[in-house]
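Engineer:
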């Protein structure tokens, strides 16, 4: 905690002060930069690139980093410019979930607060961004934790940051951050949106299919993407469903290189941890047949093993 | 004024409901038929039955009648342009809309009126930063209007069926319907149940 405060302190001083040459950037230039950034993000959306994907996030990062170079030092910015920068940083965090932008958003928010420019919307955006980058200490420090309760998380012992990380509700009242353990044989990661209608339709259809429900209950992780909630209630509710006993929220994107899109729903099939098939979206229940085709060899082999025992 | 609006919203719900049930009354539905009806789908139908706009063509027709007569006319020109540009439809109706401009410029009652054009009025409480002016605004945001659940309503599933929750629970905040059956992250947009 102390280290976090010290690191942020140094970074914030640098961001707010910064080199004097940056003052040469005019208000007009900054205005063009912010318009350009918005246009670029809008263009990415119409480009056909998957906005839940890695490449989309990389491009947003690149555009944001070009933009922010024109917004230093923050102390010289007008209120309007500072709000524009804050908004752009929330956009960068939204599409990347990258904690590297935490010092930017904290510095901008602090300055906005000192200038009396923090509206309810700004606070809400700040809160969302902090949850997305899992900056729960900052969330509490900024007095934003209470807005939409984020329970204190526990960490599993021997947490390996290089392995997939999940948040799991284990019934203790304090969700647990732990490593996901890959299953041997065929397994599925379902990227699932708790408010996404196609995700719900997929779950309903799978639950109603006895063969698939059994397979998904035993061999699927229903994984909710990083967003501005840790979805404790949704995890508990989802785990009561016959096809979804294993439910978690991704702790971050970076520990999940296997998942190249956080669009929902996505079905990633793995065999001994190696990706074998990806099924995207839920257009209709006819996709059940695709899932059955993928699952049947595993079910047949499991039945054979059972009969030999 | 608030009472008149509230009454008209209730009346609208009742008219749409009676239309729906009278349409289903011939031939009379059997118990089995009724049991087969998905509750969430029924609620979606209820909203979209009263929706004047369910396609790009319907939108054009609505706009050609003059925006000043429409609830959309309360938006500033730039906001209206951005909102209209964000709208996406499929054969079921509206699949994606941008909410920022509605939230920034309209009251919850006005937002309800705009979204009712698309059968998406149940999404109103999700626009939680909208400026509340009247008691009706408070009721809309607090779940006091039939069919409109408060923004924090826990509506993931009930224990019977995962999508047996009311349709207003649908609507993926900060997502858009990127392709049929697919919700992709998109700041300031809502992916509706029609996706």
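Chains as they are written, first to last, in the numbering used here: chain U, 4 to 312; chain P, 689 to 883. Cβ coordinates follow ideal geometry from the N, Cα and C atoms, glycine included. Just so it is clear, the structure is predicted and the values come from calculations on it, not from any experiment.
Can you pull out the residues from the segment 866-882 of chain P whose beta carbon lies closer than 8 Å to at least one beta carbon of chain U?
Structural biologist: The segment 866-882 of chain P vs chain U, Cβ under 8 Å: 866, 867, 868, 869, 870, 871, 872, 873, 874, 875, 879, 880, 881, 882.
Engineer: Taking the continuous alpha helix (DSSP H) assigned at residue 823(P), which residues delimit it?
Structural biologist: Position 135 of the second chain, counting from 1, holds the residue named residue 823(P). 823-830 is the span of the alpha helix (DSSP H), which, as asked, contains residue 823(P).
Engineer: What does the alpha-carbon distance come out to for the pair residue 243(U) and residue 183(U)?
Structural biologist: For this step, residue 243(U) is matched to residue 240 along the first chain. For this step, residue 183(U) is matched to residue 180 along the first chain. Those two C-alpha atoms are separated by around 20 Å.
Engineer: Per DSSP, residue 879(P) forms a beta bridge with which residues?
Structural biologist: Here the question's residue 879(P) lines up with position 191 in the second chain. DSSP output for residue 879(P) lists 784(P), 860(P) as bridge partner(s).
Engineer: Looking only at its chain, what residues have a beta carbon closer than 7 Å to the beta carbon of residue 299(U), apart from the 5 residues adjacent to it on each side?
Structural biologist: By one-based count along the first chain, residue 299(U) stands at place 296. Here the set comprises nothing.
Engineer: How is residue 250(U) classed by DSSP in three states: helix, strand or coil?
Structural biologist: Mapped onto the first chain, residue 250(U) falls at position 247. In this structure, residue 250(U) counts as strand in the three-state DSSP scheme.
Engineer: What would DSSP say about residue 228(U), mapped onto helix, strand or coil?
Structural biologist: On the first chain, position 225 is the one that residue 228(U) refers to. Three-state result, residue 228(U): coil.
Engineer: To the nearest angstrom, how far is it from the Cα of residue 36(U) to the Cα of residue 49(U)?
Structural biologist: The residue labelled residue 36(U) in the question sits at position 33 within the first chain. The residue labelled residue 49(U) in the question sits at position 46 within the first chain. Whole-angstrom Cα-Cα distance: 20 Å.
Engineer: Under the DSSP definition of a beta bridge, which residues are partnered with residue 871(P)?
Structural biologist: Numbered from 1 along the second chain, position 183 holds the residue referred to as residue 871(P). Its beta-bridge partners are 267(U), 865(P).
Engineer: Could you have a look at residue 233(U) and say whether DSSP puts it in helix, strand or coil?
Structural biologist: Along the first chain, one-based indexing puts residue 233(U) at 230. In the structure shown, residue 233(U) sits in coil (DSSP, three-state: anything other than H, G, I, E or B).
Engineer: Have a look at the DSSP bridge pairing and note the partners of residue 66(U).
Structural biologist: Taking the first chain and counting its residues from 1, one reaches residue 66(U) at position 63. According to DSSP, residue 66(U) bridges with nothing at all.
Engineer: In chain order, what residues of the same chain lie with their CB nearer than 6 Å to the CB of residue 295(U), ignoring the 5 residues before and after it?
Structural biologist: Start at 1 with the first residue of the first chain, and residue 295(U) comes out as number 292. For residue 295(U), where only same-chain residues beyond five positions count, there are no Cβ hits under 6 Å.
Engineer: For residue 86(U), count neighbouring C-beta atoms within 10 Å of its own C-beta (all shown protein chains included) and say buried if the count is 16 or more, exposed if not.
Structural biologist: Position 83 of the first chain, counting from 1, holds the residue named residue 86(U). That one is buried.
Engineer: How long is the line joining the alpha carbons of residue 632(P) and residue 792(P), rounded to whole angstroms?
Structural biologist: Since the displayed chain P opens at 689 and closes at 883, residue 632(P) lies outside it and no answer follows.
Engineer: Hey, how far is the Cα of residue 267(U) from the Cα of residue 65(U)?
Structural biologist: Here residue 267(U) refers to the residue found at position 264 when the first chain is read from its first residue. Here residue 65(U) refers to the residue found at position 62 when the first chain is read from its first residue. Taking the straight line from one Cα to the other gives about 25 Å.
Engineer: I need the boundaries of the alpha helix (DSSP H) containing residue 750(P), first residue and last residue.
Structural biologist: Start at 1 with the first residue of the second chain, and residue 750(P) comes out as number 62. Its alpha helix (DSSP H) spans residues 744-752.
Engineer: Once the 5 residues before and after residue 131(U) are set aside, which same chain residues still bring their CB inside 6 Å of it?
Structural biologist: Counting from 1 along the first chain, the entry for residue 131(U) is found at position 128. Excluding residues within five positions, the ones whose Cβ falls inside 6 Å are 231.
Engineer: Measure the Cβ-Cβ separation of residue 224(U) and residue 262(U) and say whether it is below 8 Å.
Structural biologist: Position 221 of the first chain, counting from 1, holds the residue named residue 224(U). Position 259 of the first chain, counting from 1, holds the residue named residue 262(U). No.
Engineer: Hey, could you find the ends of the alpha helix (DSSP H) residue 152(U) is sitting in?
Structural biologist: For the purposes of this step, residue 152(U) is taken as the residue at position 149 of the first chain. That residue, residue 152(U), is in no alpha helix (DSSP H); it is neither H nor E in DSSP.
Engineer: According to DSSP, is residue 217(U) helix, strand or coil?
Structural biologist: In the first chain, the residue the question calls residue 217(U) occupies position 214. Residue 217(U) falls in the helix class under three-state DSSP.
Engineer: Within this structure, are the beta carbons of residue 738(P) and residue 831(P) separated by less than 8 Å?
Structural biologist: The sequence position of residue 738(P) within the second chain is 50, counting from 1. The sequence position of residue 831(P) within the second chain is 143, counting from 1. For residue 738(P) and residue 831(P), no; Cβs fall outside 8 Å.
Engineer: Among all the DSSP beta bridges, which residues are the ones paired with residue 298(U)?
Structural biologist: Position 295 of the first chain, counted from the start, is the residue given in the question as residue 298(U). Per DSSP, none; premise fails for residue 298(U).
Engineer: From residue 147(U) to residue 749(P), what does the alpha carbon distance come to, in whole angstroms?
Structural biologist: As a working mapping, residue 147(U) is identified with position 144 in the first chain. As a working mapping, residue 749(P) is identified with position 61 in the second chain. Distance between the alpha carbons of residue 147(U) and residue 749(P): 45 Å.
Engineer: At what residues does the alpha helix (DSSP H) containing residue 141(U) begin and finish?
Structural biologist: In the first chain, counting from the first residue as 1, residue 141(U) sits at position 138. Unbroken alpha helix (DSSP H) run through residue 141(U): 139-144.
Engineer: Look at the Cβ atom of residue 269(U), then the Cβ atom of residue 250(U), and state whether they are nearer than 8 Å.
Structural biologist: As a working mapping, residue 269(U) is identified with position 266 in the first chain. As a working mapping, residue 250(U) is identified with position 247 in the first chain. No.
Engineer: When you compare the segment 811-824 of chain P with the segment 766-783 of chain P, are there three or more beta-carbon pairs, one atom per stretch, that lie closer than 8 Å?
Structural biologist: Too few Cβ pairs lie closer than 8 Å, so no.
Engineer: Going by DSSP, which residues form a beta bridge with residue 170(U)?
Structural biologist: Here residue 170(U) refers to the residue found at position 167 of the first chain. For residue 170(U), which the question treats as bridged, DSSP gives the partners 180(U), 252(U).
Engineer: Taking only beta carbons into account, state which residues of the segment 806-837 of chain P come closer than 7 Å to chain U, listed in chain order.
Structural biologist: The segment 806-837 of chain P vs chain U, Cβ under 7 Å: 817.
Engineer: Whole angstroms is fine: what's the gap from residue 102(U)'s alpha carbon to residue 752(P)'s?
Structural biologist: Taking the first chain and counting its residues from 1, the one referred to as residue 102(U) is at position 99. Taking the second chain and counting its residues from 1, the one referred to as residue 752(P) is at position 64. Going from the Cα of residue 102(U) to the Cα of residue 752(P) covers about 47 Å.
Engineer: Is it a yes or a no for the segment 759-767 of chain P touching the segment 794-808 of chain P, going by three-plus beta-carbon pairs under 8 Å?
Structural biologist: In short, these stretches touch, since the Cβ pair count reaches three.
Engineer: Per DSSP, residue 778(P) is paired with what?
Structural biologist: Indexing the second chain from 1 puts residue 778(P) at position 90. 781(P), per the DSSP bridge assignment.
Engineer: Contact defined as beta carbons within less than 8 Å: I believe residue 325(U) pairs with residue 47(U). What is the distance between those atoms, to the nearest angstrom?
Structural biologist: Residue 325(U) lies beyond the stretch modelled for chain U, which goes from 4 to 312, so this question has no answer here.
Engineer: Which residues, taken in chain order from the segment 184-209 of chain U, show a beta carbon closer than 9 Å to some beta carbon of chain P?
Structural biologist: For the segment 184-209 of chain U, which is checked against every Cβ of chain P, the residues closer than 9 Å are 196, 197, 198, 199, 200, 201, 202, 203, 204, 205, 206, 207.
Engineer: Restricting to Cα atoms, I'd like to know which of 241(U), 200(U), 228(U) is closest to residue 220(U).
Structural biologist: As a first step, residue 220(U) is located in the first chain; it is residue number 217 there, counting from the start. Comparing Cα-Cα distances from residue 220(U) to each of 241(U), 200(U), 228(U), the minimum goes to 241(U).
Engineer: Straight-line CA distance for residue 2(U) to residue 257(U)?
Structural biologist: Any question about residue 2(U) goes unanswered here, given that chain U covers just 4 to 312.
Engineer: From residue 212(U) to residue 741(P), what distance separates their C-alpha atoms?
Structural biologist: To locate residue 212(U), count along the first chain from 1; it is residue 209. To locate residue 741(P), count along the second chain from 1; it is residue 53. Spanning the two alpha carbons is a distance of roughly 36 Å.
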